[in-house]
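Participant:
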Amino acid sequence: MQADVLEMADGERFKRLATLEKLAEKLVKLGADRGAALIALGGGVVCDVTGFLASVYMRGVDVIQVPTTVLAQVDAAIGGKTGVNLRSGKNLLGTFHQPRAVLIDPGVLSTLPSREYRAGLYEALKCGIIGDADLFRLFEDRRREILDRDAAIVEKVIADSVRLKAAVVSADEREGGLRQVLNLGHTIGHALEAETRYTQLLHGEAVAWGMIAATHIALGTGKLDSVTAGRITSAILGFGRLPHMKVQTMGVVKRLHSDKKTRQGVVHFILPMEIGKVEIVSDVPGAIVRSAVEEIRKLAE
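Quick note: the sequence shown uses the numbering used here, first residue 1, plus one each step.
(1) If you count every other CB in all the chains shown that lies within 10 Å of the CB of K254, and 16 or more means buried, which is it?
(2) Mind checking H244: buried by the 16 CB within 10 Å criterion, or exposed?
(3) Taking DSSP's pairing of strands, which residues face L93 in a bridge?
(4) Rounded to whole angstroms, what is the Cα-Cα separation between G35 and L92?
(5) For G42, list the residues DSSP reports as bridge partners.
(6) Taking DSSP as the reference, what is the three-state secondary structure of F52?
(7) Alpha carbons only, please: which of L53, I64, E116 is nearest the one belonging to T95?
(8) Along the chain, where does the beta strand (DSSP E) that runs through L271 open and close?
(9) Can you name the start and end residues of the beta strand (DSSP E) that V162 belongs to?
(10) Do the segment 105-115 and the segment 65-73 touch if we need at least three Cβ pairs shorter than 8 Å?
(11) To the nearest whole angstrom, what separates the beta carbons of T228 and I275, a pair I think is in contact under 8 Å?
(12) Along the chain, where does the beta strand (DSSP E) containing K277 start, and where does it finish?
(13) Once you ignore the five residues that flank F269 on each side, which residues in its own chain have a CB closer than 7 Å to its CB?
(14) Mind checking who R263 pairs with in its DSSP beta bridge?
(15) In chain order, what residues of the same chain lie with their CB nearer than 6 Å to the CB of V46, ignoring the 5 residues before and after it?
(16) Based on Cα-Cα distance, which residue from T262, Y198, V289 lies nearest to L86?
(17) Following a CB-centred definition, is Q180 positioned closer than 6 Å to any heavy atom of the ligand NAD?
(18) For A191, which residues of its own chain have a beta-carbon under 6 Å away from its beta-carbon, when the five flanking residues on both sides are left out?
(19) Which whole runs of the alpha helix (DSSP H) in the segment 112-152 are 4 residues long or more, in chain order?
(20) Tell me whether D225 sits in a helix, a strand or coil according to DSSP, three-state version.
(21) Between the Cα of G230 and the Cα atoms of M273, V267, L182, which residue gives the shortest distance?
(22) Please report the residue range of the alpha helix (DSSP H) in which E294 lies.
(23) I need the DSSP call for A32, collapsed to helix, strand or coil.
(24) In chain order, what residues of the same chain lie with their CB nearer than 7 Å to the CB of I288, ignoring the 5 residues before and after it?
(25) Taking the continuous alpha helix (DSSP H) assigned at K254, which residues delimit it?
Structural data, given as structure tokens:
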């Protein structure tokens with residue numbers, strides 16, 4: 001079997017159509033036809049771009065996902081969503097293209113830089129908040145072992161996260177309703193990434209800030225009690241201080257209207273109701289949204 005290696009620049013700012021075009025031109029020069037298969041070996045950006053490329057090259061070729069980061073293993077490689085960014089916002093161009101296979105080896109995570117490792121954990125913690133109270137408690141009770149990359153505990157975190165996401169995707173592959181719950185933290189998280197031009201935060205870190213904001217909104221709208229809100233925030237911040245970022249509250253708020261979950265000008269939020277249960281909410285007062293963004297802006301200074 002012949003295999004050719006194509007490389008792409010690392011980082012969210014390269015998740016663009018320009019990168020996609022360069023890779024596609026290389027495939028043409030290599031003589032790749034509709035019988036080709038693309039193997040995505042790397043983190044979330046590689047998984048997203050390769051999946052997108054596979055979905056449109058020759059109107060569709062197979063893709064095999066081999067994720068090498070926590071974030072990619074629990075999120076980007078699972079479920080068939082692909083995407084690239086525009087200047088206006090994150091993942092505004094994308095397709096649904098299920099991989100032929102996903103190969104996950106938690107052992108490769110031992111070489112991840114600490115910041116990359118922690119950033120991916122926030123996506124796994126998200127799975128506990130939206131639908132697996134036992135996984136959430138594992139993060140609370142075994143935090144030290146998770147941070148120390150205990151092999152057995154990390155494998156369980158990955159497996160439980162994948163199981164939760166796969167179940168949601170199986171029930172709603174095309175994101176008609178239920179699958180939106182997987183976007184907890186992403187509405188404001190994506191706005192933060194775009195507002196900082198993808199240079200200050202890793203994706204998982206932006207999601208972490210977004211989950212704190214969503215918790216603040218849920219508390220402010222009376223959908224979540226203060227004790228549970230405290231548990232969620234403590235679990236997120238328990239993996240270390242999140243990176244600083246410099247944003248303006250109204251700049252972030254304006255970005256929300258470019259989010260894919262916005263319908264007819266109404267921004268939809270995924271809010272925690274309790275540990276293991278979330279709700280899709282569209283009637284959030286603007287003042288509460290601004291307050292939540294201001295809260296995380298101050299925390300991040």
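The beta-carbon is built from N, C-alpha and C at its ideal position, and this holds for glycine as well. Small disclaimer: the values here were computed from a predicted structure and weren't measured.
Facilitator: Considering the structure as presented:
(1) Exposed: under 16 other Cβ atoms inside 10 Å.
(2) Flag for H244 reads exposed.
(3) Paired residues: V84.
(4) Taking the straight line joining both Cα atoms gives about 28 Å.
(5) According to DSSP, which records beta bridges pairwise, G42 is partnered with P67.
(6) Reduced to three states, the DSSP call for F52 is helix.
(7) Looking at the Cα atoms, L53 is the closest of the given residues.
(8) It spans 269-274 - the beta strand (DSSP E) in which L271 sits, taken as one unbroken run.
(9) It is not in any beta strand (DSSP E) - V162 instead sits in the alpha helix (DSSP H) that spans 151-171.
(10) Taking a cut-off of 8 Å on C-beta distances, the segment 105-115 touches the segment 65-73, as three or more cross pairs fall below it.
(11) About 6 Å; that satisfies the 8 Å criterion.
(12) Counting along the chain, the beta strand (DSSP E) containing K277 begins and ends at 277-281.
(13) Same-chain partners within the cutoff: T187, A214, I217, V281, V284.
(14) According to DSSP, which records beta bridges pairwise, R263 is partnered with V266.
(15) Only A40 meet the Cβ criterion.
(16) Nearest C-alpha to L86: Y198.
(17) Absent from the structure shown: the ligand NAD. Ligands present: none.
(18) Cβ within range, chain order: V252, R255, L256.
(19) Along the length of the segment 112-152, whole alpha helix (DSSP H) runs at least 4 residues long occupy 114-131, 133-141, 143-147, reported in chain order.
(20) Of the three classes helix, strand and coil, the one that applies to D225 here is coil, per DSSP.
(21) Here the closest residue by C-alpha is M273.
(22) Taken as a continuous stretch (DSSP letters only), the alpha helix (DSSP H) holding E294 covers 286-299.
(23) Here A32 sits in coil by DSSP.
(24) Answer for I288: I217, G220, T221, listed in chain order.
(25) 249-255 is the extent of the alpha helix (DSSP H) around K254.
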